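There are 2 protein chains.
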Amino acid sequence: MSGIVKTPQPPYYAVIFTSQRTDGDKGYGKMAEKMEELASQQKGFLGVESARDNELGITVSYWDSLEAIKNWKENSAHKVAQEKGKAEWYTNYSVRIAKVERAYSFET
Amino acid sequence: MSGIVKTPQPPYYAVIFTSQRTDGDKGYGKMAEKMEELASQQKGFLGVESARDNELGITVSYWDSLEAIKNWKENSAHKVAQEKGKAEWYTNYSVRIAKVERAYSFET
């Protein structure tokens, strides 16, 4: 998974997940990969963009509806990951659910 | 500037800027810093979150209205930076303007 997602014409939805990690991997990398794979199999998934540096991680996933987002939030494997996230991987995070109303892009 | 922004209760707006850089700094770091400073002085600015790794940069800025976003887009110093961005700094980028409808966070 990498790069900028080719999303359809708006409207669609974005989940902006911003996080700060605890020290050490503690199984995070493997689980993150697994979650991305699982998410991409969900109905309504449009793509995901991720970047992480020493201060912050930002993952934006795109979805065709609020229902698709809700279904993913309640996915049982994802729920296990969410609990591990709170217990071990993140010192803090923020989740924002937003409706993309306009979009444009630039390519060389 | 760092960390997760304390945004007000939704609704508010997010500009999701995802980019891939050309090689080398070419004045980018300095300009990025300057733009962040300028943006933070704009009316309606709520905060910004940024992360960049080798593959992708994601900057999400938060605003209280579409008008505030429009004003920032049309800011003259910002326009100069936008042109430099296309000419020198980015191989490609995507801008998505979204209305944040729901948000929650976690802190240890």
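These protein sequences, in sequence, are chains C and B. Position 22 of the first sequence, counting from 1, maps to 1081 under the working numbering, and the rest follow consecutively. Position 17 of the second sequence, counting from 1, maps to 1076 under the working numbering, and the rest follow consecutively. We treat Cβ as the ideally placed atom computed from N, Cα and C, and that holds for glycine. Keep in mind that this is a model prediction, so the values were computed, not measured.
Per-residue contacts from residue i into chain B (C-beta, under 8 Å)
| i | result |
| --- | --- |
| G1062 of chain C | Q1079, E1114, L1115 |
Start-to-end residues for the beta strand (DSSP E) that takes in residue i
| i | result |
| --- | --- |
| S1173 of chain B | Limits of chain B in this structure are 1060 at one end and 1167 at the other, which puts residue 1173 of chain B out of reach. |
| E1114 of chain C | Unbroken run through E1114 of chain C: none, as it is neither H nor E. |
| Q1079 of chain C | 1071-1080 |
Close beta carbons around residue i, own chain, < 7 Å, minus the five adjacent residues each side
| i | result |
| --- | --- |
| P1070 of chain C | K1158, V1159, E1160 |
| I1128 of chain B | Y1072, V1074, W1122, I1156 |
| S1124 of chain C | Y1072, G1103 |
| A1162 of chain C | T1066, P1069 |
Residue range of the unbroken alpha helix (DSSP H) whose run includes residue i
| i | result |
| --- | --- |
| K1145 of chain C | Element bounds for K1145 of chain C: n/a, residue is neither H nor E. |
| G1103 of chain B | Careful: G1103 of chain B lies outside any alpha helix (DSSP H) and carries neither H nor E. |
Residue i: contacting residues in chain B (beta-carbon distance under 9 Å)
| i | result |
| --- | --- |
| S1135 of chain C | Simply none; closest approach about 20 Å. |
DSSP state of residue i mapped onto helix, strand, coil
| i | result |
| --- | --- |
| E1133 of chain B | coil |
| Q1141 of chain B | helix |
| K1085 of chain C | coil |
| M1060 of chain C | Note on M1060 of chain C: pLDDT 46, under 50, position unreliable in the model; the coordinate value appears next. Looking at M1060 of chain C - three-state DSSP - the assignment turns out to be coil, as it is neither helix nor strand. |
| K1093 of chain C | helix |
| T1066 of chain B | coil |
| T1118 of chain B | strand |
Residues near residue i in its chain [Cβ-Cβ closer than 8 Å; skip 5 each side]
| i | result |
| --- | --- |
| Y1149 of chain C | S1078, Q1079, R1080, T1081 |
| L1097 of chain C | N1134, A1136, H1137 |
| I1063 of chain C | E1108, S1164 |
| K1065 of chain B | G1106 |
Closer than 9 Å at the beta carbon, the chain C residues around residue i
| i | result |
| --- | --- |
| E1108 of chain B | I1075, T1077, L1115, I1117, S1153 |
Partners in chain B for residue i, counting only beta-carbon separations shorter than 7 Å
| i | result |
| --- | --- |
| F1165 of chain C | K1145, Y1149, N1151, Y1152 |
Same chain only: Cβ atoms within 6 Å of residue i, ignoring 5 sequence neighbours per side
| i | result |
| --- | --- |
| V1119 of chain C | A1073, I1075, E1108 |
| A1140 of chain B | M1090, M1094 |
| Q1101 of chain C | W1131 |
Inter-stretch contact (C-beta, 8 Å, three-pair minimum) for the region 1110-1120 of chain B and the region 1106-1113 of chain C: Enough Cβ pairs lie closer than 8 Å, so yes.
The region 1150-1161 of chain B: positions lying closer than 8 Å to chain A by Cβ: You won't find chain A in this structure, because its protein chains are C and B.
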